[in-house]
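Colleague: Following the working numbering, the numbering of the sequence shown begins with 6 at its first residue and continues without gaps.
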Amino acid sequence: MQLDRILHSQGFGSRKEVRALVRHGLVSVAGEICENPFAEFEPENLVFTVDGEEWRYHAQAYVMLHKPSGYEVSQKPKHHRSVFELLADPLRVRGIQAVGRLDEDTTGLLILTDDGQLIHRLSSPKHKVPKRYAVTLKHPVNEELTQALLAGVVLHDDPEPVAAAAVEPSGEYELTLTITSGKYHQVKRMIAAAGNRVEALHRTAVGGLALPADLPAGEWRWISGTDLERLRSV
Numbered sequence: 006m007q008l009d010r011i012l013h014s015q016g017f018g019s020r021k022e023v024r025a026l027v028r029h030g031l032v033s034v035a036g037e038i039c040e041n042p043f044a045e046f047e048p049e050n051l052v053f054t055v056d057g058e059e060w061r062y063h064a065q066a067y068v069m070l071h072k073p074s075g076y077e078v079s080q081k082p083k084h085h086r087s088v089f090e091l092l093a094d095p096l097r098v099r100g101i102q103a104v105g106r107l108d109e110d111t112t113g114l115l116i117l118t119d120d121g122q123l124i125h126r127l128s129s130p131k132h133k134v135p136k137r138y139a140v141t142l143k144h145p146v147n148e149e150l151t152q153a154l155l156a157g158v159v160l161h162d163d164p165e166p167v168a169a170a171a172v173e174p175s176g177e178y179e180l181t182l183t184i185t186s187g188k189y190h191q192v193k194r195m196i197a198a199a200g201n202r203v204e205a206l207h208r209t210a211v212g213g214l215a216l217p218a219d220l221p222a223g224e225w226r227w228i229s230g231t232d233l234e235r236l237r238s239v
């Protein structure tokens, strides 16, 4: 594939812009500056540098972000900063999208990709992809609360009861809650319908992918092939 096509596909600018980068000596491949935008390279596993930034070719982008509080999962946020500001510019340019949303005050695992099929698979209610949350409550956890969540609670805009896939108390005011649907403010509304209130909400896993303990809030990383298979196999 021509170098200009590779750079364009990775989000480094329009074809005209990336050709200018190459001709100005700002692109290196395998440690060597390449000033020919039409030079041919095998893109798979190709590592290159653009203006000092090292990048590996990805035919499609799959990344995870540890979302901090105070950010909206939107390209056009209304009240807070956008989580997309936390990503590298090439990812934003190539049109990466979030799989589902997390509220502004909700933290934890957010998956982003430009793979429309994966977005649909992970978001579609019919696939029932589990999402696990660590929930901090206003009032203590009790048996009545956990049983209500497992049996199903009725939300004001949905006549059908909505049940948790799993509920595990993890502290006096904490529990781990797993759901397989994605209604608006679902966890908060379920907890409220069961007679308690969410004080803090943190998503720890989607499908078979858990938020890595060593990924700080506000940081992102590429999803490995093994983790990607875990997501696709749900």
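Where a beta carbon is used, it is the ideal one built from N, C-alpha and C, also for glycine.
May I ask you to report which of helix, strand or coil DSSP gives residue 230?
Modeller: Here residue 230 sits in helix by DSSP.
Colleague: Please indicate yes or no: does the CB of residue 196 lie closer than 6 Å to some heavy atom of the ligand SAH?
Modeller: In the structure on display, the ligand SAH does not appear, and there are no ligands present to speak of.
Colleague: Nearest CA to the CA of residue 228: which residue from 91, 183, 216 and 53?
Modeller: Nearest C-alpha to residue 228: 216.
Colleague: Got a sec, what are the start and stop residues for the alpha helix (DSSP H) residue 27 sits in?
Modeller: Here the alpha helix (DSSP H) through residue 27 covers 20 to 28.
Colleague: Quick check on the DSSP output: what are the complete alpha helix (DSSP H) runs of length 4 or more inside the stretch 35 to 120, in order along the chain?
Modeller: Within the stretch 35 to 120, the complete alpha helix (DSSP H) runs of at least 4 residues are 94 to 98.
Colleague: Taking the continuous beta strand (DSSP E) assigned at residue 9, which residues delimit it?
Modeller: That residue, residue 9, is in no beta strand (DSSP E); its alpha helix (DSSP H) goes 8 to 14.
Colleague: Could you tell me the distance, in whole angstroms, from the CA atom of residue 17 to the CA atom of residue 152?
Modeller: Each residue's alpha carbon lies about 52 Å from the other.
Colleague: What is the DSSP secondary structure of residue 294, counted as helix, strand or coil?
Modeller: Nothing about residue 294 can be reported from this structure: the residues present for the chain run from 6 to 239 only.
Colleague: Nearest-angstrom Cα distance between residue 205 and residue 196?
Modeller: About 12 Å.
Colleague: Between which two residues does the alpha helix (DSSP H) harbouring residue 211 extend?
Modeller: Residue 211 -> not in any alpha helix (DSSP H); beta strand (DSSP E) instead, spanning 203 to 211.
Colleague: In terms of residue numbering, what span does the alpha helix (DSSP H) encompassing residue 193 cover?
Modeller: From DSSP, the alpha helix (DSSP H) with residue 193 extends over 191 to 198.
Colleague: Let's see if you can read the secondary structure: which residues bound the beta strand (DSSP E) around residue 163?
Modeller: Per DSSP, residue 163 belongs to the beta strand (DSSP E) from 163 to 167.
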